[in-house]
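Numbering (this note's numbering), first residue to last: 1 to 99.
#1: By how many angstroms is the C-alpha of residue 1 removed from the C-alpha of residue 20?
#2: Would you mind giving the Cβ-Cβ distance between residue 53 and residue 61, rounded to the nearest angstrom? I have them listed as a contact below 8 angstroms.
#3: Comparing C-alpha positions only, which one of 97, 94, 96 and 18 sits nearest to residue 55?
#4: Given a cut-off of 8 angstroms on the beta-carbon distance, is the pair residue 26 and residue 16 in contact?
Below you can see the structure in the form of structure tokens.
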């Protein structure tokens with residue numbers, strides 16, 4: 001069924017970007033959003049609030065989180081040490097030694 005809606009330009013632009021990213025048509029995306037809204041499912045803005053999605057100059061999506069991930073920062077030396085520990089543990093397991 002065809003209908004005409006007057007929607008804010010920024011919402012239409014976001015919907016077109018989302019449809020492109022998901023590989024579906026704008027019509028199918030909007031129909032799914034309406035279906036979710038009518039059934040009390042997650043609102044389309046729920047995923048938008050956790051990250052801002054934009055396209056870089058090459059057309060690839062860029063995701064920027066609005067809040068810190070809650071994980072502790074780790075420097076290069078600590079990351080390398082952790083990697084070394086994991087490799088040593090794997091080697092011990094392969095050799096049949098206790099981890």
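Quick reminder that beta carbons are idealized off the backbone N, C-alpha and C, glycines included. These numbers come from a predicted model, not from an experiment.
Put simply:
#1: Counted from its first residue, the chain shown places residue 20 at position 20. Counted from its first residue, the chain shown places residue 1 at position 1. Computed Cα separation, rounded: 23 angstroms.
#2: Position 53 of the chain shown, counted from the start, is the residue given in the question as residue 53. Position 61 of the chain shown, counted from the start, is the residue given in the question as residue 61. Their Cβ separation, rounded to whole angstroms, is 6 angstroms, which keeps residue 53 and residue 61 in contact under 8 angstroms.
#3: Residue 55 sits at position 55 when you count from the first residue of the chain shown. Nearest of 97, 94, 96 and 18 to residue 55, Cα basis: 18.
#4: Here residue 26 refers to the residue found at position 26 when the chain shown is read from its first residue. Here residue 16 refers to the residue found at position 16 when the chain shown is read from its first residue. Cβ atoms of residue 26 and residue 16: closer than 8 angstroms.
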